[in-house]
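Undergrad: This is the structure I want to talk about, given as structure tokens.
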Amino acid sequence: MTPLNGKTFQNMPAGGRFGRPLHLFGSVESTNLAALKLAAAGAPEGTAVIAEEQTAGRGRLNRTWQSPPGCNLYLSLVLRPAVEPAAAPQLTLLAGAAVAKALNRWCPGIVGVKWPNDVLIRDRKVCGILTELRLSGGGISSVIVGIGVNVNIRREELDPAFRDAATSLLEETGTETDRTAVAAALLEELENLYDLWIREGFEAVRPHWLPYSVLTGKRIRVAFQDEVEEGTAVGLDEDGALILEEPTGARKRVLAGDATILKES
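In the numbering used here, each number is its position in the sequence shown, counted from 1, plus 260.
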């Protein structure tokens, strides 16, 4: 496997802020944890942490994220948006759209996003996103956007429990992909959408997310804690809430949860 190359990031276009500075590690417990520590120490917006391996990678709801060395991309970004804390979850959707746009360069036309935080290729998970918020004085101190992408991991190396539901760029393209190039593309797409979000709000980002949605038009179930909602996914509200339509035609907004597509009866 080709190691990550820090010099490539140094040669990215001069106008780019994301990935400057870049902290490249051989192994960390979690890139999100490393980024949180850097943010607490005053790291500027755009600071990125990338590791060859995570020994305790995490996903949403404290789920384990398989993070073997030398084959995937584990990246976390420090952001300091001057927005209300209630808007912070929109960054998960923004990141999903950015990942989809980046991976579309290698797998055109077959990349999708599943609300709220998964990126898929041919309906198999290739990327997960974990966003963590820190507040200070009632406002946002930092937001860490963590992204894990299966790049060059082989099917037989995937956790058997998730093997049928997961994939990688290697499995989809048949060839190894330069992880440094994937990281650079991802940072570029993230910065473009983030700047748009800061200028114009999530309503301007939504058109970049919707074309990749795998839920639109599907009957789905959304589970959150002890609550379950069912309906047809018909869109995304201007604040990032998922819109479900009931058989009666009534519509409701869902702000959080795990979405599952229901089989046709």
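No residue lacks a Cβ here, since even glycine has one placed at the ideal position from N, Cα and C. Keep in mind it's a predicted model, so treat the numbers as computed, not measured.
1) Quick check on the burial criterion: 16 or more other C-beta atoms within 10 angstroms. Buried or exposed for F527?
2) Can you tell me the Cα-Cα spacing of I381 and V359, whole angstroms?
3) To test your reading of the DSSP string, which unbroken beta strand (DSSP E) runs of 3 or more residues are found completely within the segment 338-413?
4) What does the alpha-carbon distance come out to for the pair V411 and L429?
5) Determine, using beta-carbon pairs with one atom in the segment 394-411 and one in the segment 333-341, whether at least three such pairs fall under 8 Å.
6) Would you kindly work out how many angstroms separate the C-alpha atoms of E289 and G434, rounded to a whole number?
7) Given L470, which residues of its chain have a CB within under 8 Å of its CB, disregarding the five upstream and five downstream residues?
8) State the CB to CB distance for the pair R481 and A425, rounded to an integer number of angstroms; the pair is presumed to be in contact (CB under 8 Å).
9) Buried or exposed: where does D486 fall if 16 or more other Cβ atoms within 10 Å of its Cβ makes it buried?
10) Applying the 10 Å Cβ sphere with the 16-neighbour rule, what's the burial state of L321?
11) Report the rounded CA-to-CA distance for T291 versus T427, giving the unit in angstroms.
12) Does S473 pass the burial test, meaning 16 or more other C-beta atoms within 10 Å, or should it be called exposed?
13) Ignore the nearest five residues each way along the sequence and tell me which others in A483's own chain have a CB closer than 6 Å to its CB.
14) Say whether the segment 440-447 touches the segment 340-354, bearing in mind that this needs 3 or more beta-carbon pairs closer than 8 Å, one atom from each stretch.
15) Which residues share a DSSP beta bridge with A464?
16) Would you identify the three-state DSSP class for A483, choosing helix, strand or coil?
17) To the nearest whole angstrom, what separates the beta carbons of P341 and I413, a pair I think is in contact under 8 Å?
18) Taking 6 Å as the limit between beta carbons, can you name the residues of its chain near A294, skipping five residues before and five after?
19) By a C-beta neighbour count over all protein chains shown, 10 Å radius and 16 as the cutoff for buried, is F422 buried or exposed?
20) What is the rounded straight-line gap between the Cα of T391 and the Cα of P376?
21) Does DSSP put K512 in a helix, a strand or coil?
22) Leaving aside the five residues before and after E451 along the sequence, list all residues of the same chain whose C-beta is less than 7 Å from its C-beta, in chain order.
23) Tell me the DSSP secondary structure of D424 in three-state form.
24) What does I503 pair with, by DSSP beta-bridge criteria?
25) For A299, I'd like the list of residues in its chain whose CB is within less than 6 Å of its CB, leaving aside the five on either flank, ordered along the chain.
26) In the DSSP assignment, find the unbroken alpha helix (DSSP H) run with L282 in it and report its ends.
TA: On the basis of the data shown:
1) Any question about residue 527 goes unanswered here, given that the chain covers just 261 to 525.
2) I381 and V359 have their C-alpha atoms some 11 Å from each other.
3) DSSP runs (the beta strand (DSSP E)) wholly in the segment 338-413: 371-374, 378-381, 384-396, 399-409.
4) 5 Å
5) yes
6) 30 Å
7) T476, G495, L496
8) 16 Å between Cβ atoms; not a contact.
9) exposed
10) With a pLDDT of 47 at L321, under the threshold of 50, the predicted position of this residue should be treated as unreliable, though the coordinate-derived value follows. By the 10 Å Cβ count, L321 comes out exposed.
11) 21 Å
12) buried
13) Hits under 6 Å: G517, D518.
14) no
15) In DSSP, A464 forms no bridge with anything.
16) In the structure shown, A483 sits in a strand (DSSP, three-state: E or B).
17) Separation of the CB atoms of P341 and I413 is rounded to 32 Å, and the pair is thereby denied contact status at 8 Å.
18) Result list for A294: V288, V309, in chain order.
19) exposed
20) 11 Å
21) Here K512 sits in strand by DSSP.
22) Once the five neighbours on either side are set aside, the close Cβ partners of E451 are G276, R277, F278.
23) Helix.
24) Answer is G495, R513, bridged to I503.
25) Beyond the five residues adjoining it in sequence on each side, A299 comes within less than 6 Å, by CB distance, of V338, S402 in the same chain, given in chain order.
26) Unbroken run through L282 is the beta strand (DSSP E), 282-285; no alpha helix (DSSP H).
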